[in-house]
Structure formats: C-alpha cells, structure tokens
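Right, one structure below, let's go through it.
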Amino acid sequence: MDDWKMQQGNLGPEPDDAYDADMAMLDEARQPLSRKVPIASSKINPYRMVIVARLVILAFFLRYRILNPVHDAIGLWLTSVICEIWFAFSWILDQFPKWFPIDRETYLDRLSLRYEREGEPNMLASVDIFVSTVDPLKEPPLVTANTVLSILAMDYPVDKISCYISDDGASMLTFESLSQTAEFARKWVPFCKKFAIEPRAPEMYFTLKVDYLKDKVQPTFVKERRAMKREYEEFKVRINALVAKAQKVPPEGWIMQDGTPWPGNNTKDHPGMIQVFLGQSGGHDTEGNELPRLVYVSREKRPGFLHHKKAGAMNALVRVSGVLTNAPFMLNLDCDHYLNNSKAVREAMCFLMDPQIGRKVCYVQFPQRFDGIDRHDRYANRNTVFFDINMKGLDGIQGPVYVGTGCVFRRQALYGYEPPKGPKRPKMVTCGCCPCFGRRRKDKKHSKDGGNANGLSLEGCYQWHYISYIVYLLRLTSKSFLYTNSSRR
Numbered sequence: 231m232d233d234w235k236m237q238q239g240n241l242g243p244e245p246d247d248a249y250d251a252d253m254a255m256l257d258e259a260r261q262p263l264s265r266k267v268p269i270a271s272s273k274i275n276p277y278r279m280v281i282v283a284r285l286v287i288l289a290f291f292l293r294y295r296i297l298n299p300v301h302d303a304i305g306l307w308l309t310s311v312i313c314e315i316w317f318a319f320s321w322i323l324d325q326f327p328k329w330f331p332i333d334r335e336t337y338l339d340r341l342s343l344r345y346e347r348e349g350e351p352n353m354l355a356s357v358d359i360f361v362s363t364v365d366p367l368k369e370p371p372l373v374t375a376n377t378v379l380s381i382l383a384m385d386y387p388v389d390k391i392s393c394y395i396s397d398d399g400a401s402m403l404t405f406e407s408l409s410q411t412a413e414f415a416r417k418w419v420p421f422c423k424k425f426a427i428e429p430r431a432p433e434m435y436f437t438l439k440v441d442y443l444k445d446k447v448q449p450t451f452v453k454e455r456r457a458m459k460r461e462y463e464e465f466k467v468r469i470n471a472l473v474a475k476a477q478k479v480p481p482e483g484w485i486m487q488d489g490t491p492w493p494g495n496n497t498k499d500h501p502g503m504i505q506v507f508l509g510q511s512g513g514h515d516t517e518g519n520e521l522p523r524l525v526y527v528s529r530e531k532r533p534g535f536l537h538h539k540k541a542g543a544m545n546a547l548v549r550v551s552g553v554l555t556n557a558p559f560m561l562n563l564d565c566d567h568y569l570n571n572s573k574a575v576r577e578a579m580c581f582l583m584d585p586q587i588g589r590k591v592c593y594v595q596f597p598q599r600f601d602g603i604d605r606h607d608r609y610a611n612r613n614t615v616f617f618d619i620n621m622k623g624l625d626g627i628q629g630p631v632y633v634g635t636g637c638v639f640r641r642q643a644l645y646g647y648e649p650p651k652g653p654k655r656p657k658m659v660t661c662g663c664c665p666c667f668g669r670r671r672k673d674k675k676h677s678k679d680g681g682n683a684n685g686l687s688l689e690g691c692y693q694w695h696y697i698s699y700i701v702y703l704l705r706l707t708s709k710s711f712l713y714t715n716s717s718r719r
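Basically my numbering = 1-based index in the sequence shown + 230.
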C-alpha cells in the first residue's frame with residue numbers, strides 16, 4: 231500500500247536537501263529570461279492629465295481661430311490656421327508614443343543556468359560584431375581601437391565572439407592601427423577579465439574619476455593596474471606616431487612591408503581586402519588563452535558603381551561574416567561607440583534566446599550614452615527624451631526604431647530564412663603583415679532580379695516582434711518586410 235501511495239504522489243521519500251536544491255535550480259532555469267515592467271501610475275498619470283488639459287485648451291484655441299477670421303487679410307489668416315492645425319495634429323501624434331511607456335528587466339543568472347551548465351558545453355549563441363569606419367583622419371584610430379578593445383574584452387565566451395572592422399576608406403592607417411590594437415589586446419583582455427574591469431575601453435577606464443580600488447580584493451591589482459596604464463600610454467604613443475606619419479602621403483602612395491603598393495591607395499578603385507588578426511589559434515593572450523576573432527574588411531570599390539556608403543559596408547560585412555563565422559546574431563556599432571557594459575550581449579541574449587519569445591524577436595536596440603557632455607541637456611546631447619521617454623513609449627504601443635548603431639540583429643530576420651550551413655572550411659592561415667585579396671563574384675541571378683544593394687527582403691517571414699533592451703516591442707502585421715540600411719554620417 232505504501233508503494234502504491236508513493237507512486238501516486240501521496241506518500242514520498244524524505245526530502246533531500248541536495249534534491250531540493252537541484253529542483254529549485256531547474257525551476258529557476260525554466261523561468262523566462264526577461265519581463266515587462268510597466269511604469270508606475272503615480273509617475274505616468276500626472277503626465278497624462280497634463281496632456282489631456284493641453285488637448286482641451288488646444289481644441290478651444292483652434293475653435294476660436296476658425297470662428298474668428300481676419301477679413302482684412304484672409305490669405306494670411308487661412309495660411310496661419312492651416313499651419314496651426316498641422317502643428318496641432320503633429321503634436322497629437324507625438325503624444326501617442328509617450329502614453330504607455332514600459333521598462334524591461336533581464337535575468338542574467340537564469341541565462342547562465344539555462345545555457346551555461348557546469349560540465350556541459352556552453353550553449354550561448356555566437357555573435358558577429360560589426361564596427362564601421364571610413365576616414366581615420368576624421369574618426370581617430372585611437373577611438374576605434376578603444377571600441378575594438380571593449381568588444382574583445384566583453385564577458386562572453388571567446389569562441390563565440392567575432393569582431394569585424396569595416397574600413398570603407400581602405401586606409402593603411404586603419405590597417406596598421408588595428409594590427410597594433412591586436413597586439414595590445416593580448417595584455418588588456420586578460421587584465422579586464424581577471425579584475426572585472428568596467429568599462430573595458432582603456433581610455434574611458436583610466437580617465438574615470440572614481441575610486442578604482444572599490445570592490446577590488448586582489449593584492450596585486452594596484453601593481454598590475456599601474457603596469458597596464460603604462461602599457462596603454464605606450465600604445466597611444468605608437469598610434470599617434472602612425473597618425474602623424476599618415477599626414478604626409480608619399481607621391482607614389484603607400485608601400486607595404488613586402489614592397490608592393492597598398493591596394494587602397496585609390497580609395498574609389500581597389501580590390502576587396504580581408505585580414506584575420508586574431509582568433510582560431512591565430513593569437514593568444516599573455517596567459518595563453520584564446521582571444522576572440524578580429525577581422526579587417528575593406529570591400530571592393532570600382533568607378534561607376536554605387537557603394538551606398540554605410541549601408542553597402544554593412545551588407546558587405548553580412549556576406550563576409552556569413553562565410554567566415556555565420557553567427558546567428560549580429561551587433562553593429564559605430565567606431566566611436568564602445569561597450570560601457572561588458573555583459574551587454576548577455577542582456578540581449580535574454581531576449582533573443584528566451585524560450586518563450588526568443589524565436590519571435592528580430593532585434594534588440596540599445597540606448598546611446600555620451601561622455602564629456604552636459605548631462606542636464608535632455609534633448610541635444612544627452613538624448614534623455616529620445617531614449618528614455620520616446621523609445622520606451624514606442625515599446626509600449628508597437629515598437630522602437632532602429633537608430634543605426636548599438637543593435638543586435640537576428641541573422642535569420644535579415645535573410646528571411648535560416649542561413650545555409652555549408653561544410654566546414656579549413657582554418658585560414660594569414661601572415662599577419664599583409665592583406666589577403668579576393669575577387670568579387672558576380673551574381674548574375676541577383677542582377678537579373680534587380681536586387682537592391684542596400685536592402686534585404688524578408689519574404690515569407692511571419693509576424694515578427696522587435697525588442698530593444700531598455701525598451702521596446704514592435705509587432706508587424708504584414709508578412710513581408712523590407713529592411714534598408716541608411717547612412718547616418
């Protein structure tokens with residue numbers, strides 16, 4: 231009888247602490263990785279009351295203007311009334327996104343419990359990160375280097391990170407500075423991970439006026455930090471020397487170490503260039519650990535062919551990464567946008583890999599924050615109104631807009647279907663001192679179909695949900711969506 235009751239669940243064995251802990255951990259891993267947090271009514275209702283009051287006053291004002299025409303200047307009166315009605319209509323449309331703002335909360339511990347179980351292979355998805363730059367004299371190489379270093383040192387499995395640098399100006403200065411950055415990363419990355427440094431862009435970290443000893447318990451931290459700061463100062467000197475040298479272009483153009491001309495001497499007519507600096511046993515840090523992939527890409531340009539600026543560069547990176555790594559997710563950044571949170575990609579994965587809504591998430595849009603500006607400027611520089619009010623409001627009713635940078639995309643959303651999984655290619659071996667060249671293959675089928683170079687059609691996609699991290703959920707009612715990059719320079 232006792233056995234029968236035990237099978238029915240009415241009588242069980244004595245509870246075991248280890249068993250209860252395992253069950254609690256299993257239940258925690260099954261929980262959603264994110265949740266929607268509505269704004270408190272005490273904060274949003276006063277704003278709504280003010281909007282309603284303004285709307286009533288606006289209605290009375292327009293009624294008065296229409297019922298009291300100026301007969302001596304009927305043309306000017308009519309023009310002013312039309313403009314006032316139009317401005318009133320645009321103001322009403324601007325209030326809709328602010329009516330139902332929401333916040334979102336992520337659970338990084340649940341993400342680790344689900345996809346990073348002890349004794350099992352890491353199941354976190356791979357991410358290809360794109361950094362775009364054009365002119366190193368207008369976009370300083372040191373700024374780009376800090377962005378790259380913050381990516382290479384992020385808190386994510388190194389075998390699942392690939393950083394692609396798009397040099398749309400085919401500049402030898404960018405190539406050489408990236409080579410120096412790869413060498414410095416061998417020291418910077420293990421330092422950041424050993425002492426949990428934040429932020430992981432060295433320029434920003436060493437200039438922070440905070441107590442850098444807070445929460446640091448390792449006795450060697452002060453000594454190693456001082457040595458790393460000295461290494462970074464030497465790195466800055468080397469980069470500045472390259473910039474000074476690039477100010478005077480030789481009449482015959484730049485020459486590489488093997489004596490051949492730099493292919494990008496003519497920025498409007500040159501072949502494509504790809505160089506793998508780090509990754510896949512191509513380089514280890516000072517402690518012998520593998521580093522993330524770091525790939526230099528300069529797409530081919532020919533006279534008479536439109537290159538579509540940043541949009542074309544992004545499309546080229548999508549193609550190159552699809553051949554080399556083919557990660558299911560892609561993060562694009564401008565060269566001057568570093569990661570101020572080393573767990574940013576993990577935050578995005580809480581949406582993109584969520585067991586409940588993950589398959590319906592197209593992209594995660596991060597907000598932008600700027601250093602060295604007036605923090606009280608809510609509109610122009612700080613962008614508090616746009617990112618913390620408008621975008622959160624859009625998340626509450628339909629979804630956010632893609633702001634051109636700081637966005638994690640699902641590759642399937644851009645392709646419209648799962649990317650093909652081809653046979654594994656042999657490991658690429660590069661010399662580390664000169665670029666590898668390749669000819670552009672002409673896609674006759676694409677040209678016949680009239681494909682757009684800066685757009686990807688999502689034919690066959692079902693209803694997508696767009697999510698952004700601070701942020702934002704967008705529902706599409708149509709079954710096809712045309713996504714077009716646009717240059718924001």
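Just so you know, even glycine gets a beta-carbon here, dropped at the ideal spot from N, CA and C.
Helix, strand or coil at residue i according to DSSP, with G and I counted as helix
i      : result
ASP604 : coil
ASN495 : helix
MET658 : Only weak support is given to the placement of MET658: the predicted model assigns it a pLDDT of 42, under 50, and the value that follows is read from those uncertain coordinates. Reduced to three states, the DSSP call for MET658 is coil.
SER698 : Low per-residue confidence applies at SER698: pLDDT is 33, beneath 50, and the placement is therefore not dependable, though the value from the model is reported in the following sentence. Note: SER698 maps to coil in three-state DSSP.
GLU689 : The predicted model places GLU689 with a pLDDT of 28, which falls under 50 and marks its position as unreliable; any figure quoted below should be read in that light. Coil.
LYS590 : helix
VAL525 : strand
ASN240 : Any reading at ASN240 is ruled out, since the residue's pLDDT is 47, under 50, leaving its predicted position unreliable.
VAL638 : strand
GLU433 : helix
THR184 : Because the chain in this structure spans residues 231 to 719, residue 184 falls outside the shown range and cannot be described.
THR490 : coil
HIS301 : helix
THR555 : coil
VAL378 : helix
ALA683 : Because the pLDDT at ALA683 is just 33, under 50, the model does not fix this residue reliably, and the point stays unresolved.
LYS531 : strand
ASP625 : helix
ASP515 : coil
ASP385 : coil
ASP358 : strand
Whole-Å CB distance - residue i paired with residue j, under 8 Å assumed
i      : j      : result
ILE304 : LEU569 : With 8 Å as the limit, ILE304 and LEU569 do not qualify as a contact, their Cβ atoms being about 60 Å apart.
ALA415 : LEU508 : 7 Å
PHE326 : ILE627 : 7 Å
TYR386 : ARG576 : 7 Å
ILE274 : ASP333 : 12 Å between Cβ atoms; not a contact.
TYR394 : VAL527 : 6 Å
GLU335 : ARG278 : The Cβ separation is near 23 Å, so there is no contact.
The alpha helix (DSSP H) enclosing residue i, as first and last residue numbers
i      : result
ARG293 : 271-297
GLN505 : First-last for GLN505: 502-508, but that is the beta strand (DSSP E), not the alpha helix (DSSP H).
SER409 : 402-425
CYS580 : 574-582
PHE465 : 451-476
ILE485 : Where ILE485 is concerned, there is no enclosing alpha helix (DSSP H), given that its DSSP letter is neither H nor E.
ILE619 : No alpha helix (DSSP H) contains ILE619, which DSSP labels as neither H nor E.
Residue range of the beta strand (DSSP E) that includes residue i
i      : result
SER310 : That residue, SER310, is in no beta strand (DSSP E); its alpha helix (DSSP H) goes 304-325.
SER264 : 264-268
GLN595 : 593-595
MET560 : 559-564
ILE395 : 391-397
ARG334 : 332-336
Selection from the options that minimises the alpha carbon distance to residue i
i      : options                           : result
SER392 : VAL631, SER320, ASN562 and TYR593 : ASN562
ASP339 : VAL631, LEU408 and ARG347         : ARG347
GLN510 : ARG532, SER528 and LEU521         : LEU521
GLN477 : SER401, LEU438, ARG599 and VAL591 : SER401
MET458 : LEU472, TRP492 and CYS422         : CYS422
LYS446 : GLU463, ASP625, ILE485 and GLU428 : GLU428
TRP418 : SER407, TYR462, ILE619 and CYS637 : TYR462
ILE469 : LEU644, LEU372, THR363 and LYS531 : LEU372
PRO420 : GLY399, PHE405, VAL388 and ASP398 : VAL388
PRO533 : THR497, ASP564, ARG640 and VAL506 : THR497
ASN376 : GLN410, GLN586, ILE315 and HIS301 : GLN410
ALA383 : TYR593, LYS573, ARG640 and LEU624 : LYS573
GLU406 : PRO331, ILE274, PHE360 and TRP492 : TRP492
VAL361 : ILE315, GLY636 and SER310         : GLY636
PHE291 : ALA643, SER310 and ALA541         : SER310
Check: residue i C-beta below 8 Å from any heavy atom of the ligand PLP
i      : result
ALA543 : This structure lacks the ligand PLP, and indeed carries no ligand of any kind.
Stretch pair the segment 550-566 + the segment 451-463: three plus CB contacts closer than 8 Å: The segment 451-463 and the segment 550-566 do not touch, with fewer than three beta-carbon pairs separated by less than 8 Å.
The segment 362-380 in contact with the segment 553-560 per 3-pair CB rule at 8 Å: No: the two stretches stay apart, fewer than three of their Cβ pairs being nearer than 8 Å.
Contact the segment 579-586 vs the segment 611-623: 3+ CB pairs below 8 Å: Taking 8 Å as the limit for Cβ pairs, the verdict is that the segment 611-623 does not touch the segment 579-586.
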